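Sequential numbering of the sequence shown, starting at 1, is according to UniProt numbering. Using N, Cα and C, we set each Cβ at its ideal position, and we do this for glycine too. Note that this is a predicted model, so its numbers are computed, not measured.
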Amino acid sequence: MIDKTIPYVKFQMERSASQALPDRQLPEGYQFSFYTPGDEKDWQAIETSVGEFDNLSEAQKYFEKNFAPYPNELAKRMIFVTDPSGKKVATCTAWWAKEGGPQFHWLAVMPEAQRKGIATFLAVKVTALLEELYPDQPAMLHTQTWNYPAIAIYQKLGYTFVPGTKDFEKGMGILEDIAKREG
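Put into C-alpha coordinates, the structure is as follows:
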(Lines of atoms letter the chains of each structure in order from A and count residues from 1; the text may use other names and numbers.)
(Lines give C-alpha, C1' and ligand atoms only; values in the text may rest on other atoms or scores of the structure.)
Protein backbone atom coordinates (compact mmCIF):
# COMPACT_ATOMS: atom_id res chain seq x y z
CA MET A 1 0.00 0.00 0.00
CA ILE A 2 1.24 3.45 -0.80
CA ASP A 3 2.28 5.50 2.22
CA LYS A 4 1.26 9.08 1.44
CA THR A 5 2.20 10.24 4.93
CA ILE A 6 5.83 10.66 3.88
CA PRO A 7 7.16 13.23 1.40
CA TYR A 8 6.92 12.24 -2.26
CA VAL A 9 10.16 11.95 -4.22
CA LYS A 10 10.33 10.15 -7.57
CA PHE A 11 13.20 7.78 -8.43
CA GLN A 12 14.40 5.86 -11.44
CA MET A 13 15.90 2.40 -10.91
CA GLU A 14 17.71 0.17 -13.39
CA ARG A 15 18.74 -3.49 -13.56
CA SER A 16 21.36 -5.13 -15.75
CA ALA A 17 20.05 -7.99 -17.89
CA SER A 18 23.08 -10.12 -17.00
CA GLN A 19 22.00 -10.79 -13.41
CA ALA A 20 20.31 -14.05 -12.43
CA LEU A 21 16.77 -13.90 -11.06
CA PRO A 22 15.63 -15.95 -8.09
CA ASP A 23 12.91 -18.55 -8.54
CA ARG A 24 9.68 -17.45 -6.86
CA GLN A 25 6.38 -19.31 -6.68
CA LEU A 26 2.89 -18.12 -5.88
CA PRO A 27 1.15 -19.28 -2.72
CA GLU A 28 -0.92 -22.45 -3.12
CA GLY A 29 -4.16 -21.82 -4.98
CA TYR A 30 -2.97 -18.58 -6.61
CA GLN A 31 -2.44 -18.39 -10.37
CA PHE A 32 -1.01 -15.93 -12.84
CA SER A 33 -2.39 -15.02 -16.23
CA PHE A 34 -1.89 -12.48 -18.97
CA TYR A 35 -4.37 -9.74 -19.79
CA THR A 36 -7.53 -10.62 -21.67
CA PRO A 37 -10.23 -8.16 -22.75
CA GLY A 38 -12.30 -7.14 -19.74
CA ASP A 39 -9.36 -7.29 -17.31
CA GLU A 40 -9.11 -3.50 -17.41
CA LYS A 41 -11.79 -3.35 -14.68
CA ASP A 42 -9.64 -5.58 -12.49
CA TRP A 43 -6.55 -3.45 -13.18
CA GLN A 44 -8.48 -0.34 -12.19
CA ALA A 45 -9.77 -1.96 -8.99
CA ILE A 46 -6.33 -3.24 -7.99
CA GLU A 47 -4.54 0.07 -8.63
CA THR A 48 -7.26 2.06 -6.85
CA SER A 49 -7.19 -0.31 -3.85
CA VAL A 50 -3.52 0.52 -3.20
CA GLY A 51 -4.00 4.28 -3.52
CA GLU A 52 -2.51 4.88 -6.97
CA PHE A 53 -5.79 6.54 -7.95
CA ASP A 54 -8.39 8.24 -5.80
CA ASN A 55 -11.26 6.53 -7.61
CA LEU A 56 -12.05 4.03 -10.34
CA SER A 57 -12.88 6.79 -12.82
CA GLU A 58 -9.32 8.17 -12.63
CA ALA A 59 -7.91 4.67 -13.07
CA GLN A 60 -10.19 4.07 -16.05
CA LYS A 61 -9.04 7.29 -17.74
CA TYR A 62 -5.39 6.34 -17.23
CA PHE A 63 -5.94 2.84 -18.60
CA GLU A 64 -7.85 4.09 -21.63
CA LYS A 65 -5.16 6.63 -22.50
CA ASN A 66 -2.03 4.59 -21.81
CA PHE A 67 -2.91 0.91 -22.24
CA ALA A 68 -6.16 0.48 -24.20
CA PRO A 69 -4.63 1.63 -27.52
CA TYR A 70 -2.33 -1.44 -27.41
CA PRO A 71 -4.56 -4.52 -26.91
CA ASN A 72 -2.13 -6.91 -28.63
CA GLU A 73 0.74 -5.71 -26.44
CA LEU A 74 -1.36 -5.99 -23.27
CA ALA A 75 -1.96 -9.68 -23.99
CA LYS A 76 1.83 -10.25 -23.97
CA ARG A 77 2.86 -7.79 -21.27
CA MET A 78 0.25 -7.26 -18.52
CA ILE A 79 0.19 -9.96 -15.85
CA PHE A 80 -2.41 -10.63 -13.17
CA VAL A 81 -2.47 -12.87 -10.11
CA THR A 82 -5.76 -14.52 -9.17
CA ASP A 83 -6.53 -15.73 -5.64
CA PRO A 84 -8.05 -19.17 -4.90
CA SER A 85 -11.59 -17.74 -5.22
CA GLY A 86 -10.86 -16.50 -8.76
CA LYS A 87 -10.54 -12.80 -7.89
CA LYS A 88 -7.71 -10.88 -9.54
CA VAL A 89 -5.71 -9.39 -6.67
CA ALA A 90 -2.42 -8.22 -8.22
CA THR A 91 -0.96 -6.89 -11.44
CA CYS A 92 2.24 -5.68 -13.08
CA THR A 93 3.21 -4.86 -16.65
CA ALA A 94 6.34 -5.26 -18.79
CA TRP A 95 5.90 -2.03 -20.76
CA TRP A 96 8.20 0.37 -22.55
CA ALA A 97 9.39 3.88 -21.86
CA LYS A 98 8.90 6.81 -24.20
CA GLU A 99 12.48 6.25 -25.28
CA GLY A 100 11.49 2.70 -26.30
CA GLY A 101 13.37 0.75 -23.65
CA PRO A 102 12.09 -1.87 -21.21
CA GLN A 103 9.93 -0.49 -18.41
CA PHE A 104 8.78 -2.38 -15.30
CA HIS A 105 5.38 -0.77 -14.77
CA TRP A 106 2.59 -0.49 -12.17
CA LEU A 107 3.18 -3.27 -9.65
CA ALA A 108 0.21 -3.48 -7.26
CA VAL A 109 -1.19 -6.06 -4.84
CA MET A 110 -4.56 -5.53 -3.17
CA PRO A 111 -4.20 -5.00 0.60
CA GLU A 112 -5.93 -8.27 1.51
CA ALA A 113 -3.40 -10.22 -0.61
CA GLN A 114 -0.24 -8.47 0.57
CA ARG A 115 2.56 -10.10 2.58
CA LYS A 116 2.21 -13.44 0.77
CA GLY A 117 5.12 -13.09 -1.67
CA ILE A 118 2.89 -12.07 -4.58
CA ALA A 119 4.69 -8.76 -5.21
CA THR A 120 8.06 -10.51 -5.35
CA PHE A 121 6.66 -13.18 -7.69
CA LEU A 122 5.32 -10.47 -10.02
CA ALA A 123 8.57 -8.50 -9.87
CA VAL A 124 10.56 -11.59 -10.87
CA LYS A 125 8.05 -12.59 -13.58
CA VAL A 126 7.90 -9.12 -15.16
CA THR A 127 11.67 -8.63 -14.96
CA ALA A 128 12.15 -11.99 -16.73
CA LEU A 129 9.58 -10.97 -19.34
CA LEU A 130 11.42 -7.68 -19.93
CA GLU A 131 14.66 -9.63 -20.43
CA GLU A 132 12.89 -11.88 -22.94
CA LEU A 133 11.35 -8.94 -24.84
CA TYR A 134 14.50 -6.79 -24.69
CA PRO A 135 17.57 -9.06 -24.59
CA ASP A 136 20.76 -7.41 -23.40
CA GLN A 137 19.04 -4.16 -22.43
CA PRO A 138 18.79 -2.96 -18.84
CA ALA A 139 15.28 -2.87 -17.38
CA MET A 140 14.17 0.34 -15.76
CA LEU A 141 11.36 1.41 -13.50
CA HIS A 142 10.06 4.55 -11.90
CA THR A 143 9.04 4.51 -8.28
CA GLN A 144 8.73 6.94 -5.38
CA THR A 145 9.34 7.18 -1.68
CA TRP A 146 5.66 6.37 -1.08
CA ASN A 147 6.40 2.86 -2.39
CA TYR A 148 9.30 2.09 -0.07
CA PRO A 149 8.22 -1.55 0.57
CA ALA A 150 8.36 -2.20 -3.19
CA ILE A 151 11.76 -0.51 -3.43
CA ALA A 152 13.15 -3.15 -1.06
CA ILE A 153 11.86 -5.88 -3.40
CA TYR A 154 13.37 -4.17 -6.43
CA GLN A 155 16.75 -3.87 -4.70
CA LYS A 156 16.77 -7.58 -3.83
CA LEU A 157 16.32 -8.30 -7.55
CA GLY A 158 19.31 -6.14 -8.47
CA TYR A 159 17.61 -2.87 -9.38
CA THR A 160 19.74 0.11 -8.35
CA PHE A 161 18.95 3.81 -8.11
CA VAL A 162 19.89 6.06 -11.00
CA PRO A 163 21.07 9.36 -9.50
CA GLY A 164 20.10 12.65 -11.03
CA THR A 165 16.36 12.87 -10.58
CA LYS A 166 14.98 15.98 -8.93
CA ASP A 167 15.40 15.83 -5.15
CA PHE A 168 17.38 12.56 -5.40
CA GLU A 169 19.41 13.22 -2.24
CA LYS A 170 16.31 14.26 -0.31
CA GLY A 171 14.58 11.04 -1.38
CA MET A 172 17.53 8.91 -0.35
CA GLY A 173 17.46 10.60 3.06
CA ILE A 174 13.76 9.79 3.43
CA LEU A 175 14.41 6.14 2.57
CA GLU A 176 17.31 6.00 5.07
CA ASP A 177 15.06 7.42 7.80
CA ILE A 178 12.39 4.82 7.04
CA ALA A 179 14.98 2.02 7.13
CA LYS A 180 16.22 3.20 10.54
CA ARG A 181 12.67 3.51 11.87
CA GLU A 182 11.68 0.03 10.68
CA GLY A 183 15.01 -1.43 11.81
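Which listed residue (A113, Q137 and P69) has its alpha carbon closest to that of D83
A113
Are the CB atoms of R115 and A94 within a distance shorter than 8 Å?
No, the pair does not count as a contact, with Cβ atoms beyond the cut-off.
Please list the terminal residues of the continuous alpha helix (DSSP H) segment that includes Q155.
For Q155, the uninterrupted alpha helix (DSSP H) run begins and ends at Y148 to K156, by DSSP.
So, for I79: in the same chain, excluding its five sequence neighbours on each side, which residues have a beta-carbon less than 8 Å away from its beta-carbon?
F32, S33, F34, Y35, T91, C92, T93, A94, L122, K125, V126 and L129
From M110, V89, T143 and G38, residue whose alpha carbon lies closest to that of Q103
T143
Would you report the Cα separation of R15 and G29, rounded to the nearest angstrom?
31 Å
Report yes or no: do the stretch 158-173 and the stretch 11-26 share at least 3 C-beta pairs separated by less than 8 Å?
Pairwise C-beta distances place the stretch 158-173 in contact with the stretch 11-26, as three or more of them are shorter than 8 Å.
Residue burial classification, D39 (beta-carbon count within 10 angstroms, cutoff 16)
buried
Straight-line Cα distance separating V81 from residue 241
Past the edges of the chain, shown from 1 to 183, lies residue 241, and the structure says nothing about it.
Check each candidate in D177, P37 and T165 and name the one with the smallest Cα separation from Y70.
P37
Hey, how far is the Cα of V89 from the Cα of G164?
34 Å
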